[in-house]
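The C-terminal position of the sequence shown is numbered 383 in our numbering, with every residue numbered one higher than the one before it.
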Amino acid sequence: MRRLGATRHAPRPMLIQRHSAFTRLWHWINAICLAILLMSGLQIFNAHPALYWGQDSSFDAPALSIGAMRTDDGALRGITRIGDLRFDTTGVLGVSGPLADRERRAFPAWATLPGPRWLSMGRQWHFLAGWAFAPLLVAYLVYLVASGQLRRRLLPRRDEWPRLGHVVIEHLRLRFPRGEEARHYNLLQKLAYLMVLFVVAPLVVLTGLTMSPTMDAAWPWLLDVFGGRQSARTLHFLAAAALLAFFVVHLLLVLVSGVGNNLRSMITGRYALPPDHALPKKKETRDDASH
């Protein structure tokens with residue numbers, strides 16, 4: 093009996109095919125496009141670091157602005173305004189650079205493409221990535237519907253809703269599904285992907301088109317839908333910020349839930365299902381905590 097107990101091992105994880113080749117290719121191309129769009133977009137924003145509502149700019153009352161001011165001792169301080177609220181964001185927003193060589197800049201140089209101050213090229217990079225991102229988004233949405241992936245993998249089932257609170261708590265505790273449960277997206281993942289794919293990403297594309305005079309001439313109704321060019325610019329900025337927040341949370345969850353396994357599934361398509369139970373029982377708790 094002792095020998096049998098000594099030879100017991102935890103069940104080996106089972107490899108499954110999780111992502112199709114189309115999904116994997118789409119994922120990596122879009123990751124590159126979104127990185128370029130974000131960083132070149134910050135370059136464009138830096139040229140006029142303020143947002144407004146309506147058709148025209150109201151310079152005296154921006155909805156958001158990121159600027160700088162000099163104090164009585166001559167030092168530069170970064171000031172971010174949201175409505176009537178004002179925050180000192182020196183070193184992050186408004187003013188950045190080495191302490192001995194601070195400079196006015198809404199977003200720091202390391203966060204912008206293609207260089208510290210190159211608006212014209214930044215716009216070209218932004219448009220190039222945007223015209224790749226928009227058709228790929230449409231193609232992926234069509235693929236989800238036509239292949240049945242939307243219904244099978246992303247649309248929530250009625251029996252999942254009562255467990256939403258439990259799923260949220262488990263994620264906050266960094267405890268992730270194992271065994272058969274890990275084969276499918278949970279309700280929280282489904283809601284996040286549906287929101288990003290069918291609300292936030294299309295909003296980024298449509299508000300971007302609304303800021304183009306050429307597209308306004310072809311589709312003047314876009315200005316009416318979004319309440320003017322300046323409102324579209326503000327919504328474009330907010331939607332991009334939502335995409336960035338999703339990307340950061342997504343990356344953190346990939347890291348804490350098994351970076352090697354997750355990367356392999358998005359490169360080769362193969363994903364190792366963590367076993368439901370590991371032996372001995374005490375080791376199961378440690379494995380769960382480290383997964």
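Beta carbons are placed, not taken as given, at the ideal position from N, Cα and C, and that holds for glycine.
Cut-off 6 Å between Cβ atoms - residues of its own chain near residue i, not counting five sequence neighbours on either side
i, result
"V259", "N278, L279 and L280"
"L107", "R362 and A364"
"F339", "none"
"T181", "G170 and T172"
"L236", "L242"
"K282", "L246 and P248"
"L96", "Here L96 scores only 44 on pLDDT, less than 50, and its place in the model is too uncertain to base an answer on."
"W313", "none"
For residue i, the residue or residues it bridges with in DSSP
i, result
"R169", "M161"
"F179", "T172"
"F188", "Rather than Phe, the amino acid found at residue 188 in this sequence is Ser. According to DSSP, which records beta bridges pairwise, S188 is partnered with E195."
"R362", "Q109"
"A142", "S157"
Neighbourhood of residue i by C-beta distance below 7 Å, restricted to the same chain and skipping five residues each side
i, result
"T163", "R169"
"Q109", "G361 and R362"
"W118", "L228 and Y232"
"L327", "L295, T299 and F318"
"P141", "S157, I158, G159 and A198"
"N39", "Since the displayed the chain opens at 93 and closes at 383, residue 39 lies outside it and no answer follows."
"G222", "L129 and G300"
"L205", "I128, M131, S132, Q135, G214 and W217"
"P105", "A364, L365, P366 and P367"
"L315", "T302, D308 and R321"
"N122", "F225 and L228"
"L266", "V348"
"R255", "L279"
Integer Cβ distance of residue i from residue j, believed to fall under 8 Å
i, j, result
"L286", "L246", "6 Å"
"Q147", "G320", "3 Å"
"V130", "R325", "The amino acid at residue 130 is misidentified as Val; the sequence shows Leu. Actually they are not in contact, since the Cβ atoms of L130 and R325 sit about 15 Å apart, beyond 8 Å."
"H111", "S323", "The Cβ separation is near 37 Å, so there is no contact."
"R194", "V184", "Contact doesn't hold; Cβ gap of about 12 Å is too wide."
"P190", "A201", "That belief does not hold up - the Cβ atoms of P190 and A201 are roughly 11 Å apart, past 8 Å."
"L211", "A139", "5 Å"
Distance cut-off 7 Å: residue i Cβ against heavy atoms of the ligand FAD
i, result
"V184", "For the ligand FAD, the structure offers nothing, since it holds no ligand at all."
Other residues of its chain near residue i: CB distance less than 8 Å, five sequence neighbours each side excluded
i, result
"R179", "For clarity, residue 179 is Phe in the given sequence; the question names Arg instead. The answer, listed in chain order, is I171, T172 and R173."
"V292", "A331, A334, L335 and F338"
"A113", "G361"
*Answer yes if the segment 219-234 comes into contact with the segment 245-258, meaning at least three C-beta pairs across the two stretches below 8 Å, and no otherwise.*
no
_Across the segment 130-148 and the segment 213-222, are there enough close Cβ pairs to call them in contact, namely three or more that are closer than 8 Å?_
yes
*Quick one: any contact between the segment 331-348 and the segment 154-163, if contact means 3 or more CB pairs under 8 Å?*
no
*Kindly provide the ranges of any alpha helix (DSSP H) runs that are 4 or more residues long and lie completely inside the segment 277-339, ordered along the chain.*
279-287, 293-302, 305-310 and 313-318
*Scan the segment 188-270 and note each continuous beta strand (DSSP E) run of 3 residues or more that stays entirely inside, going in chain order.*
195-197
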